[in-house]
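Only one structure is covered here, and it is reproduced in the block below.
Structure, rendered in structure tokens:
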């Protein structure tokens, strides 16, 4: 069947389509129907089925006779180490950890925060929670203590599983002090913590609260898989950059398994026994969907990579891993490709390796600019597929369905909507726009299986954030258009979220940090174009009177504060001091206009601007620090 056949089959009978897809995973009790809409717009999928994610990702492959196949390959050029874990070994390790968690009181419905680097034990922790029906919430390893504390208070975990440290090229990231500070700051206290001690740093454990990973598991009975309802929350994942009131995306178990299993075959072209590599982190949604659960559900081998695209040790690292582990499908972010391109423009390092196993490269996390896509196409001679999705959706909204057929590539487009997604481009009143017209990208409800049914403990916020602007639709927050062939183009964000190296970060969260400085009267953070990261944040500060002579120190202070309170992932390295910010007469800061000035773009003078002269002042200040970039 072609893509058009499959998409039409879904559209004509979504219930039958998803029930057929549900038959591809194992159920303890099969669901009687796919969609449950009695609580619309809080739609649910496969709610009356009983299922277990760990069984489907691990145990069923052992039962099928593939226990000796590699499930996980850990490749760490930082530690110069490699190891493989078979499905049989993974089953034993996960059952042991789950048994130890159960012995300490963790059970179905309890939350467990996981704060780990890119090691197999991170996946084992996720799977152990899934085995028990506990709800895991993975927080990016090394995230700042205040951010971790907010997440502790929001999801109220019974336990936290962490590592002693993470590793970056040339340095050790000390996780345990961050964890201790977060627990001290949080109102909620976990019952206990499990610490995976790495040889690069052995953390000090707090007696009575902290347990070492290995001794924690001594003498316990392995745990069996606990059946959970199809609508049982599988995990909570907090969107990047949130402060104050966090936004925890909920993923229900049944729909998550069905959608990921379908996508691995039909989008990524992966079958059991093949090797899939998503070069991301378990702290992001890609790590959940396509490092841990997706490949393992399919019975594939997944790679856990602890390294960087350049510098560990050189721009040929991607080629080395693809060759040595016979990777079929490779998934990374455009920013990683741009880093390699900057260091090795002629792709000389990768020429040292045989890439004959590689059949496709997938790019996501930000818009893949045509130059980057064409550079990869020219050097690797395989399909390079830009695709688009969000933390909220959990799997691709639009893609070129490599596992079905490779459609003609249109550079700048993530191709076409996947089954389950009725993508529309709307005007401000919510009316569909003609093809080729820029507007707000929205998805007609219900969203497909595997997408968020709500936010953690925040149904009304979910409704307000995603469902009220366009009644009957999910608001993606992106602007774009559909062309005459049905290809989607994503052009920009429609809110204040910026995309730094594939990570969506809130400028509002950064502004909270800047405005807390005692010398800052008001501020704005904008995303400016960056040739490597896509965007980087830039702070504009208006100082309190009498503080002008401290401008240099304030600029240093706010960079440090953002790093401490939000984390290095924000890539906040630059702030400038200005006399005033451009505003409307109602007091709204004209951030979008400043973004256009910083990018050297033409802009229309806003009709409601309070004082047009301030824009010239902003232009001069930005030019003084090199914006727009030459």
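Numbering (UniProt numbering), first residue to last: 1 to 630. Note that the Cβ used here is the ideal one computed from N, Cα and C, for glycine as well.
Self-check item: Contacts around residue 19, its chain only, beta-carbon distance under 6 angstroms, and the 5 residues preceding and following it disregarded
Solution: Excluding residues within five positions, the ones whose Cβ falls inside 6 angstroms are 34.
Quiz item: So residue 565 is in the alpha helix (DSSP H); what residue range does that whole segment cover?
Solution: From DSSP, the alpha helix (DSSP H) with residue 565 extends over 551-565.
Quiz prompt | Minimum C-alpha distance to residue 658 - residue among 221, 335, 601 | solution = No answer is possible for residue 658: it lies beyond the span of the chain, which begins at 1 and ends at 630.
Practice problem: Check whether the Cβ atoms of residue 331 and residue 305 sit closer than 7 angstroms, and answer yes or no. | Solution: Taking 7 angstroms as the cut-off, the beta carbon of residue 331 is found no closer than this to the beta carbon of residue 305.
Quiz prompt | Span of the beta strand (DSSP E), counted from its first residue to its last, around residue 481 | solution = From DSSP, the beta strand (DSSP E) with residue 481 extends over 473-482.
Quiz item: Does the stretch 182-198 come within contact of the stretch 63-70, defined as at least 3 CB pairs closer than 8 angstroms?
Solution: Touching, no, given that fewer than three Cβ pairs across the two stretches are closer than 8 angstroms.
Exercise. Give me the Cα-Cα distance between residue 631 and residue 54, rounded to the nearest whole angstrom.
Key: No answer is possible for residue 631: it lies beyond the span of the chain, which begins at 1 and ends at 630.
Exercise. On a CA-only basis, which of 295, 624, 627, 580 is nearest residue 613? Give me that one, please.
Key: Of the candidates 295, 624, 627, 580, 580 places its Cα closest to the Cα of residue 613.
Exercise. Have a look at 92, 337, 169, 11 and flag the residue whose alpha-carbon is nearest the alpha-carbon of residue 448.
Key: Check the Cα spacing between residue 448 and each of 92, 337, 169, 11: the tightest is with 11.
Quiz item: Between residue 410 and the rest of its own chain, which residues show a CB-CB distance below 6 angstroms, the 5 nearest in sequence each way excluded?
Solution: Taken in chain order, the residues that qualify are 487.
Practice problem: Kindly indicate which residue of 570, 277, 127, 252 has the alpha-carbon position closest to the one of residue 502. | Solution: Checking every option, the nearest Cα to that of residue 502 belongs to 570.
Practice problem: Would you mind listing the alpha helix (DSSP H) stretches within the stretch 429-469 that are 4+ residues and don't spill past its ends, in chain order? | Solution: Taken in chain order, the whole alpha helix (DSSP H) runs of length 4 or more contained in the stretch 429-469 are 459-462.
Exercise. Please say whether residue 232 and residue 256 have beta carbons closer to each other than 7 angstroms?
Key: It is not a contact, given that the beta carbons lie outside the stated cut-off.
Quiz item: Mapping DSSP to helix, strand and coil, what is residue 343?
Solution: Helix.
Quiz prompt | Option in 489, 490, 550, 538 with minimal Cα separation from residue 511 | solution = Of the listed residues, the one whose Cα sits closest to residue 511 is 538.
Quiz item: Residue range of the beta strand (DSSP E) that residue 168 falls in?
Solution: Taken as a continuous stretch (DSSP letters only), the beta strand (DSSP E) holding residue 168 covers 165-168.
Quiz item: Is the CB-CB distance between residue 461 and residue 455 below 7 angstroms?
Solution: Cβ distance < 7 angstroms, so residue 461 and residue 455 count as in contact.
Quiz item: Distance, Cα to Cα, residue 387 vs residue 545?
Solution: C-alpha separation (whole angstroms): 49 angstroms.
Quiz item: Who does residue 218 pair with in a DSSP beta bridge?
Solution: None, per the DSSP bridge assignment.
Exercise. Please state if the CB of residue 48 and the CB of residue 32 are separated by a distance shorter than 7 angstroms.
Key: Yes, they are a contact pair.
Quiz item: Between which two residues does the beta strand (DSSP E) harbouring residue 252 extend?
Solution: Taken as a continuous stretch (DSSP letters only), the beta strand (DSSP E) holding residue 252 covers 248-252.
Exercise. Could you pull out every residue in the same chain whose Cβ sits closer than 7 angstroms to the Cβ of residue 623, ignoring the five residues on either side in sequence?
Key: The same chain holds no residue with a CB closer than 7 angstroms to that of residue 623 once the five nearest residues on each side in sequence are set aside.
Quiz prompt | CB of residue 298 within 7 angstroms of CB of residue 267, strictly | solution = Their beta carbons are not under 7 angstroms apart, which means residue 298 does not touch residue 267 by this criterion.
Quiz prompt | Where residue 76 falls: helix, strand or coil (DSSP) | solution = Strand.
Self-check item: Spatial distance of residue 211 from residue 583 (CA atoms)
Solution: So the alpha carbons of these two residues sit roughly 54 angstroms apart.
Quiz item: Identify the residues that DSSP records as bridge partners of residue 525: which are they?
Solution: Answer is 539.
Quiz item: Counting pairs of Cβ atoms below 8 angstroms between the stretch 432-446 and the stretch 473-483, do you hit three or more?
Solution: Contact between the stretch 432-446 and the stretch 473-483 is present, because at least three Cβ pairs lie under 8 angstroms.
Quiz prompt | Backbone secondary structure at residue 548 - three-state DSSP | solution = In this structure, residue 548 counts as helix in the three-state DSSP scheme.
Practice problem: Check whether the stretch 85-92 touches the stretch 133-149, counting contact only when three or more Cβ pairs, one atom from each stretch, lie closer than 8 angstroms. | Solution: Fewer than three Cβ pairs drawn from the stretch 85-92 and the stretch 133-149 lie within less than 8 angstroms of each other, which leaves the two stretches out of contact.
Practice problem: Alpha carbon to alpha carbon, how far is residue 246 from residue 516? Give it in angstroms, no decimals. | Solution: Those two C-alpha atoms are separated by around 19 angstroms.
Exercise. Count the other CB atoms, across all protein chains shown, that sit within 10 Å of the CB of residue 605; report buried if there are 16 or more and exposed otherwise.
Key: Burial call: exposed.
Practice problem: Consult DSSP for residue 534 and reduce its assignment to one of helix, strand or coil. | Solution: Residue state for residue 534 is assigned as strand, using DSSP reduced to three classes.
Quiz item: Which class does residue 242 belong to by DSSP, given the choice of helix, strand or coil?
Solution: In this predicted model, residue 242 has a pLDDT of only 38, less than 50, meaning its place in the structure is not dependable; the value taken from the coordinates is given anyway. In the three-state scheme derived from DSSP, where H, G and I count as helix and E and B as strand, residue 242 is classed as coil.
Quiz prompt | Status (buried if at least 16 other CB within 10 Å, exposed otherwise) for residue 242 | solution = Because residue 242 sits at a pLDDT of 38, beneath the cut-off of 50, its placement in the model cannot be relied upon, and the following sentence gives the value as read from the coordinates. Residue 242 is classed as buried because its beta carbon has at least 16 other beta carbons within 10 Å across all chains shown.
Quiz item: If you draw a straight line from the C-alpha of residue 230 to the C-alpha of residue 260, how long is it?
Solution: Residue 230 and residue 260: Cα-Cα distance of roughly 14 angstroms.
Self-check item: Cβ-based neighbour list, residue 174, same chain, cut-off 6 angstroms, excluding 5 preceding and 5 following
Solution: Closer than 6 angstroms at Cβ, skipping near neighbours: 165.
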